[in-house]
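Student:
There are 6 protein chains.
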Amino acid sequence: MSEISRFAVPKREDLPHDMAERIAQVEEKSGFVPNIFLTLAHRPDEWRAFFGYHDALMDKETPALRKADRELIVVATSAESHCLYCVVAHGAIARIRARNPRIADQVATDWRKAELDERQRAILEFAVRLSVEPWTVTPEQLDALRGHGLSDDDIWDVGSIVAFFAMSNRLVHLAGTMPNDEFYLMGRAPRGEAPRA
Amino acid sequence: MSEISRFAVPKREDLPHDMAERIAQVEEKSGFVPNIFLTLAHRPDEWRAFFGYHDALMDKETPALRKADRELIVVATSAESHCLYCVVAHGAIARIRARNPRIADQVATDWRKAELDERQRAILEFAVRLSVEPWTVTPEQLDALRGHGLSDDDIWDVGSIVAFFAMSNRLVHLAGTMPNDEFYLMGRAPRGEAPRA
Amino acid sequence: MSEISRFAVPKREDLPHDMAERIAQVEEKSGFVPNIFLTLAHRPDEWRAFFGYHDALMDKETPALRKADRELIVVATSAESHCLYCVVAHGAIARIRARNPRIADQVATDWRKAELDERQRAILEFAVRLSVEPWTVTPEQLDALRGHGLSDDDIWDVGSIVAFFAMSNRLVHLAGTMPNDEFYLMGRAPRGEAPRA
Amino acid sequence: MSEISRFAVPKREDLPHDMAERIAQVEEKSGFVPNIFLTLAHRPDEWRAFFGYHDALMDKETPALRKADRELIVVATSAESHCLYCVVAHGAIARIRARNPRIADQVATDWRKAELDERQRAILEFAVRLSVEPWTVTPEQLDALRGHGLSDDDIWDVGSIVAFFAMSNRLVHLAGTMPNDEFYLMGRAPRGEAPRA
Amino acid sequence: MSEISRFAVPKREDLPHDMAERIAQVEEKSGFVPNIFLTLAHRPDEWRAFFGYHDALMDKETPALRKADRELIVVATSAESHCLYCVVAHGAIARIRARNPRIADQVATDWRKAELDERQRAILEFAVRLSVEPWTVTPEQLDALRGHGLSDDDIWDVGSIVAFFAMSNRLVHLAGTMPNDEFYLMGRAPRGEAPRA
Amino acid sequence: MSEISRFAVPKREDLPHDMAERIAQVEEKSGFVPNIFLTLAHRPDEWRAFFGYHDALMDKETPALRKADRELIVVATSAESHCLYCVVAHGAIARIRARNPRIADQVATDWRKAELDERQRAILEFAVRLSVEPWTVTPEQLDALRGHGLSDDDIWDVGSIVAFFAMSNRLVHLAGTMPNDEFYLMGRAPRGEAPRA
Numbered sequence: 001m002s003e004i005s006r007f008a009v010p011k012r013e014d015l016p017h018d019m020a021e022r023i024a025q026v027e028e029k030s031g032f033v034p035n036i037f038l039t040l041a042h043r044p045d046e047w048r049a050f051f052g053y054h055d056a057l058m059d060k061e062t063p064a065l066r067k068a069d070r071e072l073i074v075v076a077t078s079a080e081s082h083c084l085y086c087v088v089a090h091g092a093i094a095r096i097r098a099r100n101p102r103i104a105d106q107v108a109t110d111w112r113k114a115e116l117d118e119r120q121r122a123i124l125e126f127a128v129r130l131s132v133e134p135w136t137v138t139p140e141q142l143d144a145l146r147g148h149g150l151s152d153d154d155i156w157d158v159g160s161i162v163a164f165f166a167m168s169n170r171l172v173h174l175a176g177t178m179p180n181d182e183f184y185l186m187g188r189a190p191r192g193e194a195p196r197a
Numbered sequence: 001m002s003e004i005s006r007f008a009v010p011k012r013e014d015l016p017h018d019m020a021e022r023i024a025q026v027e028e029k030s031g032f033v034p035n036i037f038l039t040l041a042h043r044p045d046e047w048r049a050f051f052g053y054h055d056a057l058m059d060k061e062t063p064a065l066r067k068a069d070r071e072l073i074v075v076a077t078s079a080e081s082h083c084l085y086c087v088v089a090h091g092a093i094a095r096i097r098a099r100n101p102r103i104a105d106q107v108a109t110d111w112r113k114a115e116l117d118e119r120q121r122a123i124l125e126f127a128v129r130l131s132v133e134p135w136t137v138t139p140e141q142l143d144a145l146r147g148h149g150l151s152d153d154d155i156w157d158v159g160s161i162v163a164f165f166a167m168s169n170r171l172v173h174l175a176g177t178m179p180n181d182e183f184y185l186m187g188r189a190p191r192g193e194a195p196r197a
Numbered sequence: 001m002s003e004i005s006r007f008a009v010p011k012r013e014d015l016p017h018d019m020a021e022r023i024a025q026v027e028e029k030s031g032f033v034p035n036i037f038l039t040l041a042h043r044p045d046e047w048r049a050f051f052g053y054h055d056a057l058m059d060k061e062t063p064a065l066r067k068a069d070r071e072l073i074v075v076a077t078s079a080e081s082h083c084l085y086c087v088v089a090h091g092a093i094a095r096i097r098a099r100n101p102r103i104a105d106q107v108a109t110d111w112r113k114a115e116l117d118e119r120q121r122a123i124l125e126f127a128v129r130l131s132v133e134p135w136t137v138t139p140e141q142l143d144a145l146r147g148h149g150l151s152d153d154d155i156w157d158v159g160s161i162v163a164f165f166a167m168s169n170r171l172v173h174l175a176g177t178m179p180n181d182e183f184y185l186m187g188r189a190p191r192g193e194a195p196r197a
Numbered sequence: 001m002s003e004i005s006r007f008a009v010p011k012r013e014d015l016p017h018d019m020a021e022r023i024a025q026v027e028e029k030s031g032f033v034p035n036i037f038l039t040l041a042h043r044p045d046e047w048r049a050f051f052g053y054h055d056a057l058m059d060k061e062t063p064a065l066r067k068a069d070r071e072l073i074v075v076a077t078s079a080e081s082h083c084l085y086c087v088v089a090h091g092a093i094a095r096i097r098a099r100n101p102r103i104a105d106q107v108a109t110d111w112r113k114a115e116l117d118e119r120q121r122a123i124l125e126f127a128v129r130l131s132v133e134p135w136t137v138t139p140e141q142l143d144a145l146r147g148h149g150l151s152d153d154d155i156w157d158v159g160s161i162v163a164f165f166a167m168s169n170r171l172v173h174l175a176g177t178m179p180n181d182e183f184y185l186m187g188r189a190p191r192g193e194a195p196r197a
Numbered sequence: 001m002s003e004i005s006r007f008a009v010p011k012r013e014d015l016p017h018d019m020a021e022r023i024a025q026v027e028e029k030s031g032f033v034p035n036i037f038l039t040l041a042h043r044p045d046e047w048r049a050f051f052g053y054h055d056a057l058m059d060k061e062t063p064a065l066r067k068a069d070r071e072l073i074v075v076a077t078s079a080e081s082h083c084l085y086c087v088v089a090h091g092a093i094a095r096i097r098a099r100n101p102r103i104a105d106q107v108a109t110d111w112r113k114a115e116l117d118e119r120q121r122a123i124l125e126f127a128v129r130l131s132v133e134p135w136t137v138t139p140e141q142l143d144a145l146r147g148h149g150l151s152d153d154d155i156w157d158v159g160s161i162v163a164f165f166a167m168s169n170r171l172v173h174l175a176g177t178m179p180n181d182e183f184y185l186m187g188r189a190p191r192g193e194a195p196r197a
Numbered sequence: 001m002s003e004i005s006r007f008a009v010p011k012r013e014d015l016p017h018d019m020a021e022r023i024a025q026v027e028e029k030s031g032f033v034p035n036i037f038l039t040l041a042h043r044p045d046e047w048r049a050f051f052g053y054h055d056a057l058m059d060k061e062t063p064a065l066r067k068a069d070r071e072l073i074v075v076a077t078s079a080e081s082h083c084l085y086c087v088v089a090h091g092a093i094a095r096i097r098a099r100n101p102r103i104a105d106q107v108a109t110d111w112r113k114a115e116l117d118e119r120q121r122a123i124l125e126f127a128v129r130l131s132v133e134p135w136t137v138t139p140e141q142l143d144a145l146r147g148h149g150l151s152d153d154d155i156w157d158v159g160s161i162v163a164f165f166a167m168s169n170r171l172v173h174l175a176g177t178m179p180n181d182e183f184y185l186m187g188r189a190p191r192g193e194a195p196r197a
């Protein structure tokens, strides 16, 4: 079985120009091409929608929802879905964004005991609930996040990141995509650099 | 609480042209604007990615994965997430596509006993598994779908529809979006017409 | 497989007089014989106990527990058991009793977001708990219902309806009984008439 | 809190004649009145339906479904619902019927390892499934019971006992009924006598 | 299958002296050798660690954590794991320690309704939580136990008994060990004597 | 809150000689003292039983159950219990024993997709089952492990490791013990050295 997909993986030279270009940028920045870029590549329209959605949610930083927080939402909810690719790849980015080499392993196994502040813990509690039993989300829980300083835009982002990765987890399980070897060690030493994914 | 969202809902006259146009087309065809088009409208980039992804998966028909089958995947998996909007809206479309006024209620409550053929039952069994416990999906289960005549492209579509609506279900629960009243009765009489959603 | 049962279904002309008479009354009132009357008919003593129990609980109306409320308890708890017959048949009656064509679909999929008042929501919350994890019911939860105006007789009725349909759901799953086609559309148009079931 | 009920318990002298008579018979035979006879007594019609149904299913013996087997179905499924009254009261009767002082405790805690033959184990496996996740019951599982010598009437009885005690468990949890002290020790010594319940 | 183990069971005459002596003491006191002493005997080092750990936790009595309370923790948590040996053997000891012939059956089936005081109920609630979903234990829950008079040493004992029997339950399920017949009746009559186990 | 325990942690100079010596050996070999050695130190008898049991199971290697396999059993089952200390500490040892820097993260998140051979996958499937729903273990499952070359002694070890860490996971959750920082990075570079734990 391929490490990338149980489905067709197109050759890079056959990809549409916009996709090839984005992939080349990621490779230049990270030093490798994260497998998910190739897993989805046999479907260009879906690929474009997927990464367009991703970037709209993840390449953003607000005072109450930092880039590191966004990555930790991915790690916590993907761990509940046992999504190896998502936990390892976004765990790497989370370590770098948070400048904390332990935080991803902690959040993946037991976010309740991780080195988080109260705001972060409230965000992850809400995120895991929306991911695992979304029908139990109430307006009062949104208010609780507001009490931790999140704006409505931040709360929308929290929920949308959860939702987007509920999709992503299932695509990865469908395809059987494995994490690139490079992700496992990233951000574990004092200095590192995050891939764009 | 608004029927449409717990978050900001922009006025239609303030929407970007491409979004306004698409919404006008839907309204003309269906006679109303499904709420989800407005729930997501405060975030144009996400709106475009969402509907681009949706259309790539749902506006398609192959011999082993008819439009009706695609809608039934949405109904079965959204019922597991208790997503009222998705069950009612896509249930309406499923009734019309399948020309069967009972099928959506059956699949929403107990797909195992619904009026389905063996191929459809195998699709829904796989879909519900991928939605609810995606980590248990195996290559052998993909082979089982091939045994029912699905191509690799069909299987990718099944899985991607499941994944896309895992996202959609959670966005709807986040926003608290209710189904439009019109959906409840659509497709229940001998003749009806489906909205584009 | 028969739509009515995996077990013997006696001919109507062979039924004991009291059963035949009751079935004829239902048929006259509703225009058809709900399948459950025939599913259980091969066991006259059980049939009599079943419908005697049913009528004692369902053909009753108090200020804090209307007939419509009783039907919604059936819909909410039967949905948790994926009981297609019960959801569709009692959903039909609930629509008629409540004069609301949307309420049954809402309660079946997500009673938390249905068009209910606070009293109704408290009743359904208690009912679903008693149905799904009855060992967690406490005297304090009974007090909470009293706080919504329910008498002890009303609370007994709520609990007994839950209990009776826990039985009914399992009998239907045992027999594989399907809902009559007539139920699906009942009560969806402005005017309708409920069957006695 | 009363040992009998959180709801009204009528005085025995105020009971309708048929109920008083049946209760007197039980008392004469067993030496005490099992609490369930009083828990339900405030509702004579329901009381009559309940015990009519009970007797139709439990006071019966066939070669492939003995009285002891019927009681063990009650014990196994009531244990899953944590129904103390049902486990203790029907455990007592099961010990007597099966002339085995260990069997009830075994079935209540782990029917898989209890001193049962293959037919009994198949019955309990089916019964627990119908009780806990009834929507997963299939015609093939009914065939498996036929393979152990059960007739269709026996299978109906198995399923109906499961269904009836799904109701009974929930009524007991609603009322908070405790087992009479006498049940705990019954059938544990070599010779004992079962109450009629 | 042996009643004692699916694995090798050494002869008593072949056991190391310290093990043989301890087993002889238990036999003298109880009148029989509880099977678990033989199940583990093929591994002397593990046997010694197991019973050393057991005695350190169970042969102790403090004002807020009596020997009977310790046995009831074993019964409640072992029932959640469907561990027949542990429920029956420690249920016997619990009846004797508590001088209550009903308490073990009550705690095994539904500790919420058992004849317990508030302190005992709080202990069992914590114990079951630590046994079934240990990741949800919080410092606030430890404080709640302190509020019932438990010292830190008592709380450690509660948690360690839960932990030790989480191990014990799984060893018993691995080996398929059945309870000795003697346990079933112990402590059910007014006077009895507990085995050392 | 201390990183080591919510309970008393004795000073190293106050420890009994045998415990102090063992801890000094671990420190010399690993370069630090794993927190679990101190978490349990306030109870010397339990400490001795715990580490005696641990060493009897983990410091052993057979052809069909290597030291690395033993550590992976700990990682897989501790991940199900969300035990951060166990996953991180034994994940570190597993990486070193297996000479594979990715294996622990894989097994912790989704052992089904980890880089394992068929024997290892069968071991982990059995181990997770025994850990999470031990009552479903059957003699046939033991035979399946024999089919992968495991001896009865190996199977006993598999099951005992599962059981021992079911205990260990709960002790760690009770105490709130965090992993030492050193564990996170161990075994991730090509060469490393395992601590004795």
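Protein chains in written order, with this note's numbering: chain E, 1 to 197; chain B, 1 to 197; chain H, 1 to 197; chain P, 1 to 197; chain Y, 1 to 197; chain X, 1 to 197.
C-beta atoms are modelled at their ideal positions from N, C-alpha and C, and glycine is treated no differently.
Exposed or buried, what is H17 (chain X) when buried is set at 16 or more other beta-carbons lying within 10 Å of its beta-carbon?
Tutor: Exposed: under 16 other Cβ atoms inside 10 Å.
Student: Is there a Cβ of chain X sitting closer than 8 angstroms to that of G91 (chain Y), yes or no?
Tutor: Chain X, which has no Cβ nearer than 8 angstroms to the Cβ of G91 (chain Y), makes this no.
Student: Distance, Cα to Cα, Q25 (chain X) vs G31 (chain X)?
Tutor: Taking the straight line from one Cα to the other gives about 10 angstroms.
Student: Given that a residue counts as buried once 16 or more other Cβ atoms are within 10 Å of its Cβ, and exposed if not, what is D110 (chain B)?
Tutor: D110 (chain B) should be labelled buried.
Student: For Y53 (chain B) and chain H, any beta-carbon pair shorter than 8 angstroms?
Tutor: Y53 (chain B) does not count as touching chain H.
Student: When DSSP labels each residue in this structure, what does R142 (chain E) get in the three-state scheme?
Tutor: In the sequence under discussion, the amino acid at residue 142 (chain E) is Leu, which differs from the Arg named in the question. Helix, per DSSP.
Student: Using only the alpha-carbon positions, how far apart do V132 (chain X) and T77 (chain X) sit?
Tutor: Between V132 (chain X) and T77 (chain X), the C-alpha separation is close to 8 angstroms.
Student: One question on the structure: do Q53 (chain H) and A49 (chain P) come within less than 8 angstroms of each other, judged by their Cβ atoms?
Tutor: Per the sequence shown, residue 53 (chain H) should be read as Tyr rather than Gln. It is a contact, given that the beta carbons lie within the stated cut-off.
Student: Strictly by DSSP, which residues pair up with T62 (chain X)?
Tutor: X:L65.
Student: Nearest to I155 (chain H) by CA position, among H:M167, H:F165, H:N169 and H:A122, is which residue?
Tutor: Checked all of H:M167, H:F165, H:N169 and H:A122; the closest Cα to I155 (chain H) is H:A122.
Student: Between R112 (chain X) and A68 (chain X), which are expected to be in contact by the criterion C-beta below 8 angstroms, what is the C-beta distance as a whole number of angstroms?
Tutor: Going by Cβ atoms, the distance from R112 (chain X) to A68 (chain X) rounds to 18 angstroms, so no, they are not a contact pair.
Student: Assuming V75 (chain X) contacts A56 (chain X) (C-beta within less than 8 angstroms), just tell me the rounded distance between them.
Tutor: Actually they do not touch by this definition, with Cβ atoms about 20 angstroms apart.
Student: Using a beta-carbon distance below 8 angstroms, is V31 (chain X) in contact with chain E?
Tutor: In the sequence under discussion, the amino acid at residue 31 (chain X) is Gly, which differs from the Val named in the question. Not one chain E Cβ lies under 8 angstroms of G31 (chain X).
Student: Output yes if chain X places a C-beta closer than 8 angstroms to the C-beta of Q106 (chain E); else output no.
Tutor: Cβ-Cβ to chain X under 8 angstroms: yes for Q106 (chain E).
Student: Please list, in chain order, the residues of the segment 160 to 174 of chain B that have any C-beta partner in chain E closer than 8 angstroms.
Tutor: Result list: S160, V162, A163, F164, A166, M167, S168, N169, R170, L171, H173 and L174.
Student: Taking 8 angstroms as the threshold (C-beta atoms), are A127 (chain P) and M167 (chain H) in contact?
Tutor: For M167 (chain H) and A127 (chain P), no; Cβs fall outside 8 angstroms.
Student: Examine chain P for any beta-carbon lying closer than 8 angstroms to the beta-carbon of V74 (chain Y), and answer yes or no.
Tutor: V74 (chain Y) does not count as touching chain P.
Student: Quick one: list the residues of chain Y neighbouring V9 (chain P), beta-carbon separation under 8 angstroms, in chain order.
Tutor: Those do not exist, as V9 (chain P) stays about 17 angstroms from chain Y at its closest Cβ, beyond 8 angstroms.
Student: From this set, X:I161, X:V158, X:L174 and X:D157, which residue's C-alpha is nearest D157 (chain Y)'s C-alpha?
Tutor: It is X:L174 whose Cα lies nearest to the Cα of D157 (chain Y).
Student: R99 (chain E) versus chain X: which residues are under 8 angstroms apart at the beta carbon?
Tutor: Near R99 (chain E) there are no residues of chain X at all, since even the closest Cβ is about 14 angstroms away, more than 8 angstroms.
Student: So is A8 (chain P) buried or exposed if we call it buried at 16+ other beta carbons inside 10 Å?
Tutor: Classification for A8 (chain P): exposed.
Student: Using a Cβ cut-off of 7 angstroms, pull out every chain D residue sitting near P134 (chain E), in sequence order please.
Tutor: Included in the structure are the protein chains E, B, H, P, Y and X, with no chain D among them.
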